[in-house]
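Student: For the sequence shown, the UniProt record's numbering begins at 1 and goes up steadily by one.
C-beta atoms are modelled at their ideal positions from N, C-alpha and C, and glycine is treated no differently.
Structure incoming, see below.
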Amino acid sequence: MTSFTAMDYFSHELLTPIPLEEKPSFPSLKIIHQELNANAMAVQSTLGGGQYGHLSLTISSTRFNALPDAAAFVIPVHPVVQPAHAGNATAAQIAETNRLYKESIERFLIYKATGTALKKQLLQAIPDTFTNTLKNDLFGYTNVTVLQILDHLDTAYGSVDQADLKDNIKRMEAEWSPNQPIEELFNQIKAAQQFAADHDPITEKTALRAATTNFENSGTFTEALREWNNKAEADQTWTNLESHFKKADKARRRILTASEVGYANAAISKVSANAKTSANAVPMWYCWSHGLGPNMTHTSINCTKPVTGHRKEATVDNMMGGCYIIKRRNGERAIYRRPPRNPRNDENAPPSDQTATGNR
Numbered sequence: 001m002t003s004f005t006a007m008d009y010f011s012h013e014l015l016t017p018i019p020l021e022e023k024p025s026f027p028s029l030k031i032i033h034q035e036l037n038a039n040a041m042a043v044q045s046t047l048g049g050g051q052y053g054h055l056s057l058t059i060s061s062t063r064f065n066a067l068p069d070a071a072a073f074v075i076p077v078h079p080v081v082q083p084a085h086a087g088n089a090t091a092a093q094i095a096e097t098n099r100l101y102k103e104s105i106e107r108f109l110i111y112k113a114t115g116t117a118l119k120k121q122l123l124q125a126i127p128d129t130f131t132n133t134l135k136n137d138l139f140g141y142t143n144v145t146v147l148q149i150l151d152h153l154d155t156a157y158g159s160v161d162q163a164d165l166k167d168n169i170k171r172m173e174a175e176w177s178p179n180q181p182i183e184e185l186f187n188q189i190k191a192a193q194q195f196a197a198d199h200d201p202i203t204e205k206t207a208l209r210a211a212t213t214n215f216e217n218s219g220t221f222t223e224a225l226r227e228w229n230n231k232a233e234a235d236q237t238w239t240n241l242e243s244h245f246k247k248a249d250k251a252r253r254r255i256l257t258a259s260e261v262g263y264a265n266a267a268i269s270k271v272s273a274n275a276k277t278s279a280n281a282v283p284m285w286y287c288w289s290h291g292l293g294p295n296m297t298h299t300s301i302n303c304t305k306p307v308t309g310h311r312k313e314a315t316v317d318n319m320m321g322g323c324y325i326i327k328r329r330n331g332e333r334a335i336y337r338r339p340p341r342n343p344r345n346d347e348n349a350p351p352s353d354q355t356a357t358g359n360r
């Protein structure tokens, strides 16, 4: 057998860990299930129908057998002794017997190595506190399978109660901002459906209502909503909703981009006009987040590091409450120093009501 390392095939090098101060829960265990399943499937196998790799290591045989095109996954066993050849066996028959023997050993070793690697990942992601009951005093977790550990965690910590289901609905209906990709809203609704699938399924109609309510509250898709509501009920499916509003969102963003270009041109024109008020004036450009500076490519509209609340339409004529700092040119040495705010110990300081400030 050539050298084999299951980790080389895994799509998740590490599983999402559960902190020691937090007990495992249905949501955190669901993520671990998904990551382990993906890793198990990444190691190919001809067993079980050949479509699902080694997924039988991380899900029950009942669930595995219910998958499309799946067949019963017969767990490989070590053949131990190489079969004896018949006295009249031909060279071709001997070669075939040897090939099948080596293949069965390789299949067994890959299965064992994959299971061991998956179990190692799981134990690294889950604090020992929550799996210790399965540990043997002599062998540790050696004789425990990854599926047994998962079953224990699901039974002990993976239950879902009414409070969890209510929180899930809140997550599904959480406010979406038009500044976010529209896919984020779709994803949060689908995640809620997946969470509730085995407990209190969220129907497609409920999911559609959650999406359209969010769109209505955003005040963004008035025309798209009118068109959607006019569709026949049979056409109001989740697939159609995603397609319809993605198209509307694309058109909306195209208009916004054109508007931003208009703001940029207006802002540059205003600042340029101000700069020409004096023949000797140094051209300056304004950014809401960083103030006035000599860099013509750094304006409110094209700032690459905006702070919270940044206003792209702000100009030097209308700073909209933005930064009022004037920046020096690169390399210019600072000479001015702000006087002390409370110069009680300075005998030469002017009276407090005449003390200079940085911007008076």
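If you scan the region 91-172 from start to end, which runs of the alpha helix (DSSP H) of 4 or more residues do you find wholly inside it?
Tutor: 91-125, 146-157 and 162-172
Student: Please identify the residue among SER218, HIS244 and ASN217 whose C-alpha is closest to the C-alpha of ASN230.
Tutor: HIS244
Student: State the Cα-Cα distance for the pair ARG171 and ALA210, rounded to the nearest angstrom.
Tutor: 11 Å
Student: What is the DSSP secondary structure of LEU208, reduced to helix, strand or coil?
Tutor: Helix at LEU208.
Student: Would you mind reading off the limits of the beta strand (DSSP E) that contains LEU14?
Tutor: That residue, LEU14, is in no beta strand (DSSP E); it is neither H nor E in DSSP.
Student: Output needed for ASP200: all residues of its chain with C-beta closer than 6 Å, excluding positions within five of it in sequence on either side, in chain order.
Tutor: The answer, listed in chain order, is LEU165.
Student: Quick check: what's the CA-CA separation for VAL261 versus ALA196?
Tutor: Caution applies to VAL261, whose pLDDT of 49 falls short of 50 and renders its modelled position unreliable; the value that the coordinates give is listed next. If I take the Cα positions, the gap works out to 44 Å.
Student: Consult DSSP for LEU67 and reduce its assignment to one of helix, strand or coil.
Tutor: Reduced to three states, the DSSP call for LEU67 is coil.
Student: How far does the alpha helix (DSSP H) with TRP228 in it reach, from first residue to last?
Tutor: Residue range 222-229 is occupied by the alpha helix (DSSP H) that includes TRP228.
Student: For the region 187-194 against the region 141-155, are there 3 or more C-beta pairs whose distance is under 8 Å?
Tutor: no
Student: Who pairs with ILE326 in a beta bridge, going by DSSP?
Tutor: LEU292
Student: Could you have a look at ASN285 and say whether DSSP puts it in helix, strand or coil?
Tutor: Note that residue 285 is Trp in the sequence shown, not Asn. It is a strand residue.
Student: Does the beta-carbon distance from ILE149 to ILE18 come in below 9 Å?
Tutor: no
Student: Going by alpha carbons, who is nearest to LEU29 out of MET41, LYS246, ASN39 and LEU15?
Tutor: The shortest C-alpha separation from LEU29 is found at LEU15.
Student: Would you call the region 176-184 and the region 208-224 touching, i.e. three or more CB-CB distances under 8 Å?
Tutor: Taking a contact to require three or more Cβ pairs closer than 8 Å, the region 176-184 and the region 208-224 qualify as touching.
Student: Nearest-angstrom Cα distance between THR239 and GLU233?
Tutor: 13 Å
Student: DSSP three-state label for LYS312, please.
Tutor: coil
Student: By alpha-carbon positions, which one of ASP167, ASN302, ILE202 and ARG226 ends up nearest to GLN26?
Tutor: Strictly speaking, residue 26 in this sequence is Phe, with Gln absent from that position. Ranking ASP167, ASN302, ILE202 and ARG226 by Cα distance to PHE26 puts ASP167 first.
Student: Under 9 Å between the Cβ atoms of SER104 and PRO68?
Tutor: no
Student: In three-state terms, what does DSSP make of ASN302?
Tutor: coil
Student: How far does the alpha helix (DSSP H) with HIS33 in it extend, from its first residue to its last?
Tutor: 26-42
Student: Considering only the alpha carbon of each residue, which of ILE326, HIS290, ILE325 and LYS327 lies closest to residue 363?
Tutor: The shown model of the chain, from 1 to 360, leaves out residue 363, and the question about it has no answer.
Student: Put SER60 into one of helix, strand or coil per three-state DSSP.
Tutor: coil
Student: Just reading off the alpha helix (DSSP H) that LYS23 is part of, what are its end residues?
Tutor: That residue, LYS23, is in no alpha helix (DSSP H); it is neither H nor E in DSSP.
Student: Apart from the five residues just before and just after LEU185, which ones in its own chain have a Cβ nearer than 7 Å to its Cβ?
Tutor: TRP176, ALA211 and ASN214
Student: Distance, Cα to Cα, LEU109 vs GLN44?
Tutor: 13 Å
Student: Just reading off the alpha helix (DSSP H) that PHE195 is part of, what are its end residues?
Tutor: That run of the alpha helix (DSSP H) goes 182-196.
Student: PHE221 to PHE64, Cα distance in whole Å?
Tutor: Our two residues, PHE221 and PHE64, have alpha carbons roughly 43 Å apart in a direct line.
Student: What whole-angstrom Cβ distance do ALA314 and TRP285 have, given they're in contact under 8 Å?
Tutor: Their Cβ separation, rounded to whole angstroms, is 12 Å, which puts ALA314 and TRP285 out of contact at 8 Å.
Student: Distance check for TYR111 and VAL144, CA to CA, integer angstroms please.
Tutor: 15 Å
Student: Using 10 angstroms around the beta-carbon of SER300, count the other beta-carbons present and answer buried if the total reaches 16, otherwise exposed.
Tutor: buried
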